Amino acid sequence: MDRADLYTYRVLWSSEDDEFVGLVAEFPSLSHLATERHAALEGIVGLVREVLQDMETSGEMPPEPLAQKQYSGELRLRMPPAMHKKLAIEAAEEKTSLNAVIVRRLAAF
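If you count by my numbering, then the sequence shown holds residues 53 to 161, one letter each, in order.
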């Protein structure tokens with residue numbers, strides 16, 4: 053498999069450019085504009101492929117693809133005390149855990 057295929061791509065419409073823009077999460081400075089969605093994706097993948105070849109030539113380590121990272125499922129979260137109180141009250145009223153309320157809210161995004 054081509055290493056460029058392992059990265060996290062997204063294609064969005066850019067009303068500012070009046071074109072589709074291909075993006076890659078692991079290389080936030082890279083983008084590729086095209087009039088067709090598939091061309092934007094092909095363009096950004098091709099650009100990543102070129103950057104990876106350049107990095108290999110110069111001995112640089114490419115970023116680890118997000119899909120290959122290991123995630124624990126645990127997250128330390130800081131929030132304003134008033135928000136913490138509101139969420140804790142919501143959890144108590146629903147007879148569930150604060151964690152369950154937060155996960156449900158995050159899943160709604």
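In this text, a Cβ means the ideal position worked out from N, Cα and C, and glycines have one as well.
Everything numeric in this text was worked out from a predicted model, so none of it was measured.
- Relative to threonine 60, the option among Met53, Arg156, Ala77 and Ser66 whose CA is nearest is Ala77.
- In the DSSP assignment, no residue is bridged to glycine 125.
- Alanine 91 and alanine 152 have their C-alpha atoms roughly 41 Å apart.
- CA-to-CA, the gap between glycine 111 and glutamine 105 works out to about 10 Å.
- Annotation: the continuous alpha helix (DSSP H) that includes leucine 150 extends over 150 to 159.
- Contact check for histidine 84 against leucine 99 passes: the beta carbons are separated by less than 8 Å.
- Within the stretch 79 to 139, the runs of beta strand (DSSP E) at least 3 residues long that lie entirely inside it are, in chain order, 83 to 86.
- Residues of the same chain with a CB within less than 8 Å of the CB of serine 149, apart from the 5 flanking positions on each side, are Ala143 in chain order.
- Cβ contact annotation for leucine 58 (same chain, cutoff 6 Å, sequence separation greater than five): Pro117, in chain order.
- The straight-line gap separating the alpha-carbon atoms of arginine 101 and alanine 56 is approximately 5 Å.
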